[in-house]
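Here this note's numbering is used: position 84 in the sequence shown is 194, and no number is missing along the way.
Glycine included, each C-beta is placed from N, C-alpha and C at the ideal position.
In this text the structure is predicted, and so the values were computed from the model without any measurement.
What follows is a set of notes on a single structure, which appears directly below.
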Amino acid sequence: MFYNILAVFVGGGIGATIRYLLTYLSQCSFNKSIYATLLVNLFGCFVMGLIFGLSLNRIQNFNPTLKTFITIGFLGGLTTFSTFSFECFQMFKDGQILYAFLYIVGTTVFGVILTYIGYLLGK
Numbered sequence: 111m112f113y114n115i116l117a118v119f120v121g122g123g124i125g126a127t128i129r130y131l132l133t134y135l136s137q138c139s140f141n142k143s144i145y146a147t148l149l150v151n152l153f154g155c156f157v158m159g160l161i162f163g164l165s166l167n168r169i170q171n172f173n174p175t176l177k178t179f180i181t182i183g184f185l186g187g188l189t190t191f192s193t194f195s196f197e198c199f200q201m202f203k204d205g206q207i208l209y210a211f212l213y214i215v216g217t218t219v220f221g222v223i224l225t226y227i228g229y230l231l232g233k
């Protein structure tokens, strides 16, 4: 139990720090943070599928603490549904209805597709 808590703590810190840096770079480069949010969320979907594909099909003794570190810790800190929701809200509020819908559809559709691709590659 202690090692799982430590894995979540360390993984979450690493993931959140990477997300912060990518958001900062996106804001500086494009004057928008949605590109970083989209990138980390889609990357997170792919890695989640990959880890589950590996742990269910290829690696029978996948270390559960490592799996917790990656999925709950790192990916939990890296990906962000609340930021995604806020950015969609901002676009709707600013009258960017088409962009908001494209962002929602792109994130959810490609997220599921990348989760599946990750799973297939892990399998």
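Just to confirm before moving on: does the CB-CB distance between residue i and residue j stay below 8 Å?
i      : j      : result
Gly216 : Phe156 : no
Gly183 : Gly125 : yes
Leu160 : Gly232 : yes
Thr178 : Val120 : no
To the nearest whole angstrom, what separates the beta carbons of residue i and residue j, a pair I think is in contact under 8 Å?
i      : j      : result
Leu188 : Ile128 : 6 Å
Leu149 : Leu166 : With a Cβ gap of about 26 Å, Leu149 and Leu166 do not count as contacting.
Thr225 : Phe194 : Between Phe194 and Thr225 the Cβ distance is about 15 Å, and since that is not below 8 Å, they are no contact.
Asn114 : Thr175 : 6 Å
Mind checking which residues open and close the alpha helix (DSSP H) that includes residue i?
i      : result
Asn114 : 112-140
Let me know the alpha helix (DSSP H) ranges lying completely inside the region 164-225, each 4 residues or longer, listed in chain order. 174-178, 185-188, 191-203
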